[in-house]
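Encoded as structure tokens, the structure appears first; notes follow it.
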Amino acid sequence: MKWHILGAGAIGNLFATRLLQAGQNVSLILRQPKSDGYYQLHCLEGKARRTYSLPTQSASATETISNLLITTKAYDTETALASVSSRLTPDTTILLLQNGMGQHDAVLQRYPSANLWAGVTTAGAWRPNPDELICVAAGETHIGPLNTHATQLPVGWAEQVPAPTYKQDIQTALWRKLAINCAINPLTALHGCHNGALIENPGLYQQMQLICAELDTLTRALDIPLFATDLIDQAANVAQATAGNRSSMLEDITHGRPTEIEFITGHVCQQADQLGIDLPCNKALLSQVRALSAT
Ligand code: PAF
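So the number in the working numbering is just where the residue sits in the sequence shown, counting from 1, plus 2.
What follows is the structure, encoded as structure tokens:
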């Protein structure tokens, strides 16, 4: 079977290599596909170094898309999908593996007959240059259906190493990742600090506590079981485990790119508004990051 991939960043490239190793054909859809149709990716994971030939094509190619992995930034989802919509079949499998929430509902509304899946991953990878991928954490990946009653992972996913976990209730997994992103990303982006600073600096830790307490209130009202303990404990663990990392939002701000704030803090503030719940700390962060992104 073949997977097309929209979103050729580190995570898109990482899962392209995992799909290839799992015996799938892949093609990365690029704005500027390579003239000879593929590129060499040197992949470093621990001491293992492997080179992959990754096929590429443009969005305007004519090949039908049966299985589509989307690893774009959340805000690019709809435009990226629209660029290949004429190539989808009524029952194309679409798997969204991204940060943030909100884009899933938009895709559900626009492509109701597709087999829609969502996933979250803690895999960590970065690309020092376009030909090289450094995988720093194999991570855990959870995948589950958004609009079907499928009970098995989509084709080519169970065979991957490490194999993702099938989650019938993917919404809870999405909320858990969203809550961690709300706790870490905006603060690190605003203060220009590594994740570890959030537990080392008492002032930042206090802010993270307030953000987490608001999210605990909201998710309780929404009946979403976040974690066995308060969110702050989990967020502090992630900040500790990724102490030396720069969050994706800090990277976006640093490189002058749009941020995913509307799909992270923006999404929780919107949900809270609908329930009439006030989230003053999260709202303040939302406007501060908006202001920063606009400059
Ligand atoms: O978006 C990110 O950077 C990551 O999801 C996380 C968990 C905040 C770690 O840096």
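No residue lacks a Cβ here, since even glycine has one placed at the ideal position from N, Cα and C.
Relative to Ser289, the option among Ala274, Glu264, Asp275 whose CA is nearest is Glu264. Those residues whose C-beta sits under 6 angstroms from the nearest heavy atom of the ligand PAF are, from N- to C-terminal order along the chain, Asn101, Ile182, Asn183, Ile186, Asn187, Asn197, Val240, Thr244, Asn247, Ser249, Ser250. A direct Cα-Cα distance of roughly 28 angstroms separates Ser29 from Ser249.
Counting C-beta pairs closer than 8 angstroms gives fewer than three between the segment 124-138 and the segment 202-210, which falls short of the contact rule. Residue state for Tyr207 is assigned as helix, using DSSP reduced to three classes. Taken in chain order, the unbroken stretches of alpha helix (DSSP H) that lie wholly in the segment 64-93 and span 4 residues or more are 79-84. Shown here, His269 sits in a helix according to DSSP, grouped into three states. Within the model, the alpha-carbon separation for Cys214 versus Thr66 is close to 44 angstroms. When rounded, the separation of the alpha-carbon atoms in Leu16 and Cys137 is 8 angstroms.
When the five nearest sequence neighbours on each side are left out, the beta carbons in the same chain lying within less than 7 angstroms of the beta carbon of Asp232 are those of Cys214, Asp218, in order along the chain. Sixteen is the threshold: when 16 or more other Cβ atoms of the shown chains lie within 10 Å of the Cβ of Asp254, as they do, the residue is buried. In this structure, the beta-carbon distance from Ile7 to Leu71 falls below 8 angstroms.
Per DSSP, the unbroken alpha helix (DSSP H) holding Thr19 starts and ends at 12-23.
Scanning Leu83, Thr256, Asn239 for the CA closest to the CA of Val291 turns up Thr256. For a cut-off of 8 angstroms, the C-beta gap from Gly9 to Thr64 is around 21 angstroms, too long to register as a contact.
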